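**Student:** For the sequence shown, UniProt numbering begins at 1 and goes up steadily by one. Beta carbons are placed, not taken as given, at the ideal position from N, Cα and C, and that holds for glycine. Keep in mind it's a predicted model, so treat the numbers as computed, not measured.
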Amino acid sequence: MEEVNNTGGKKKKEKKSLGEIHQETSFAIEPSAVPAKSIDTSQWPLLLKNFDKLNVRTNHYTPLPHGCSPLKRNISDYLKAGVINLDKPSNPSSHEVVAWIKQILRLEKTGHSGTLDPKVTGCLIVCLERSTRLVKSQQGAGKEYVCVFRLHESVGNELKVRQVYFG
C-alpha cells in the first residue's frame with residue numbers, strides 16, 4: 001500500500017521482516033465459547049445417543065497455558081532442548097567440538113550423533129540437555145564420505161581408476 005504525502009509525492013510503506021511480524025502479533029487460535037447446537041438423536045444407533053451432549057467447539061484445539069511461537073521463545077528454552085546442526089571444521093575431533101559447545105554454552109549435558117574423523121569436515125548433529133535422548137536415533141543413520149582427489153597426470157581410461165579404487 002502507498003500513502004500520499006502532503007507535498008503530493010508518494011511515500012512507500014515500510015516493509016517489515018517476518019521476524020518483526022512474529023514478534024508483534026500472536027497467531028494463537030483462541031477457543032470458541034459458542035455452545036453446540038442441539039441435534040435430534042432419537043433415531044440414531046445406541047452408541048451415538050449422547051452425541052449431542054459432547055463438548056463441541058467450533059475451533060479445533062484449546063491452547064495450552066505453556067508454549068509460544070518459535071520467534072517469541074526464550075533462548076533458555078532453546079538451550080534446554082535444542083539441536084545444533086554444525087559444519088565441523090577439519091582438525092578437531094567430534095568430542096572436542098562438543099566439549100567446546102558444552103563449555104561455551106555452560107551446559108550440563110551434550111551429545112553428538114556420531115563421530116567424524118578429525119581430518120574430516122561435515123555435518124555433526126549436537127544435541128543439548130534434554131534432546132540428548134534423541135542421539136541414539138541418529139547414531140544408526142550411517143555416514144557417507146565424499147572425497148575429491150587429484151592425480152599426477154590425466155587418466156586415459158576412467159575404468160582403470162574405478163577398478164583400482166573399488167577393487
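(1) Report all residues from its chain with a CB closer than 7 Å to the CB of R130; omit the five preceding and five following residues, and keep chain order.
(2) On the DSSP bridge assignment, give the partners of I101 in chain order.
(3) For the alpha helix (DSSP H) containing I84, name the first residue and the last one.
(4) If you reduce the DSSP assignment to three classes, tell me which class H112 lands in.
(5) How many Å lie between S76 and F27 at the Cα?
(6) Alpha carbon to alpha carbon, what distance is there between D40 and G67?
(7) Which of the three DSSP states, helix, strand or coil, is assigned to V161?
(8) Taking only three categories from DSSP, how would you classify L128?
(9) Taking the C-alpha atoms as reference points, what is the distance between residue 169 and F166?
(10) Does the region 154 to 162 come close enough to the region 92 to 110 that 3 or more CB-CB pairs lie under 8 Å?
(11) At which residues does the alpha helix (DSSP H) containing V135 begin and terminate?
(12) If you draw a straight line from the alpha carbon of F149 to that of D87, how long is it in whole angstroms?
(13) Is the distance from the Cβ of N85 to the Cβ of I125 below 8 Å?
(14) Using beta-carbon positions only, say whether T121 and S94 come within less than 8 Å of one another.
**Tutor:** Based on what the coordinates show:
(1) K80, A81
(2) Looking at the DSSP assignment, I101 forms no beta bridge with any residue, so it has no partner.
(3) Note, I84: premise wrong, no alpha helix (DSSP H); beta strand (DSSP E) at 83 to 88.
(4) strand
(5) 22 Å
(6) 39 Å
(7) helix
(8) strand
(9) Since the first and last residues shown for the chain are 1 and 167, residue 169 lies out of range.
(10) no
(11) 135 to 139
(12) 21 Å
(13) yes
(14) no
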